[in-house]
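A.B. asks: Going by our numbering, the residue at position 277 of the sequence shown is 861; the numbering climbs one at a time, nothing skipped.
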Amino acid sequence: MASLAFSKAVPNFKLEVEARSGATAAGIRFHKRFEILVGANGHFRTGSLAGVRGVYKQYVPDGQWFRLAATVRGDAVEVRINDMPVVSYRSPDPIEPAAPTLHGHDAFRNLRVTPILEDCTTPPPSVDATSRLIADAALRGIPAADLHVHLKLGLTLEQAVAKSLHDGIQYGIAVNCGKGFPTENDAAALAFIDSLKGQPIFVAMQAEGREWVQMFSRRVVEQFDYVFTDSMTWTDNHGRRMRTWIADEVGRIADPQEFMDTLVDRAVGILETERVNIYANPTFLPDQLSKDYETLWTDARRKRVIAAAIKGGVAIEINNRYKLPSQSFIQMAKAAGAKFTFGTNNTGPNDLGRCEYGWQMVEACKLDARDFWLPKTPR
Ligand SMILES: [Zn+2]
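(1) If distances are taken between C-alpha atoms only, which option among 723, 657, 671 and 911 comes closest to residue 746?
(2) Please determine, among 878, 666, 769 and 706, the residue with the shortest C-alpha to C-alpha distance to residue 604.
(3) For the beta strand (DSSP E) that contains residue 732, what are its first and last residues?
(4) Applying the criterion that 16 or more other CB atoms from any shown protein chain within 10 Å of the CB defines a buried residue, is residue 928 buried or exposed?
(5) Which complete alpha helix (DSSP H) runs does the region 855 to 882 hold, if anything under 4 residues is left out?
(6) Just checking my contact of residue 817 with residue 782 at CB under 8 Å: how many whole Å lie between their CB atoms?
(7) Span of the alpha helix (DSSP H) holding residue 957?
(8) Could you tell me whether the region 712 to 730 touches the region 748 to 755, where touching means 3 or more Cβ pairs closer than 8 Å?
(9) Listed in chain order, which residues are found with a beta carbon closer than 7 Å to a heavy atom of ligand 1?
(10) Measuring straight from C-alpha to C-alpha, what distance separates residue 740 and residue 930?
(11) Among all the DSSP beta bridges, which residues are the ones paired with residue 668?
(12) Buried or exposed: which applies to residue 874, given that a residue is buried once 16 or more other Cβ atoms fall within 10 Å of its Cβ?
(13) What's the gap between the Cα of residue 937 and the Cα of residue 846?
(14) To the nearest angstrom, how far is the alpha carbon of residue 596 from that of residue 608?
(15) The beta strand (DSSP E) that contains residue 630, what's its start and end?
(16) What are the boundary residues of the beta strand (DSSP E) that residue 736 is part of?
Here you go:
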């Protein structure tokens, strides 16, 4: 344990230090129960408040010095990495002041701690059922990450980052890339990546249609933190290209069994060959079939899709917008060893929640930290 020049237990202070992550975990402890991690612990990365608020992206490579700052006002903790806010947390419980201590050999230099003297008392944060689930999950190391967020219908990057920090859910912000979308080539994809530089988020490519494989170079695809796709756009055995969420393109489904077999074939093909990380909007069915979801998704069909995801190393999204896959599907996939992510696929600011369906499935299917996938960063 390194001791500090400033060692009195004050509730409010600003701490600035240069840090680097390395082979062993290091951290900054204060107020009895808080520790800011330097280095990884399970899914939690540098900047996380251990067991409380996760940072799931590694922003600075191991071994490289960076500026780490914490502003602590009693039960309110803000963490910044190179001036970028990564955690903003209010504890619902009263704190017990304890002076900050640094733990970890060679992980720190140039420490400065300044007390904040003005009174910082504010009313405690509101706590509801979802924030309790998020807190419970953090204790168990389950990542609170919504990896399928879109800046659409006026949801700005600033609003998304503010909501992410407030809710304690890290976002992956995705651009739709493919035929008929504004992002149809490498230059447009790179412009999107550039527009999100320096933000506390993952940057994701949503690969659209089946044509995307030919439209973007591997070099550019690899600059995204991860790639996901769904099996909602495909061409059937009669040459009909359809987007399965658009009733007019689907037409009347005369033979639901044949439709399901084709859908499963396409999903398996995508998962085994397209080199994506996440299967988004999984098991989605067109409106006219969705009421028969449990029976049309026979065990045999489920097994094929789950096996293909595992074989392709593709995580299965637990989708908040469509509430998919169903609980029984997730249970089967977990038993087979599949990995999961949370994703909302919001249409704008109003339907970006707090992964409510995901937390519900964590409880119902007893998912734990090992059942979740996160991007490896830097790639
Ligand atoms: Zn999407």
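Cβ atoms here follow ideal geometry from the backbone N, Cα and C, with glycine treated the same way.
C.D. replies: This is what the structure holds:
(1) 671
(2) 666
(3) 729 to 733
(4) So residue 928 counts as buried.
(5) 871 to 874 and 877 to 880
(6) Not a contact, Cβ separation roughly 33 Å.
(7) Looking at the DSSP string, residue 957 is not in any alpha helix (DSSP H), and its letter there is neither H nor E.
(8) Counting Cβ pairs under 8 Å, three or more are found: they touch.
(9) 732, 734, 758, 760, 790, 864 and 929
(10) 13 Å
(11) 665
(12) Around the Cβ of residue 874, a 10 Å sphere holds fewer than 16 other Cβ atoms; the residue is exposed.
(13) 33 Å
(14) Going by the C-alpha atoms only, they are around 29 Å apart.
(15) Taken as a continuous stretch (DSSP letters only), residue 630 belongs to no beta strand (DSSP E), as it is neither H nor E.
(16) No beta strand (DSSP E) contains residue 736, which DSSP labels as neither H nor E.
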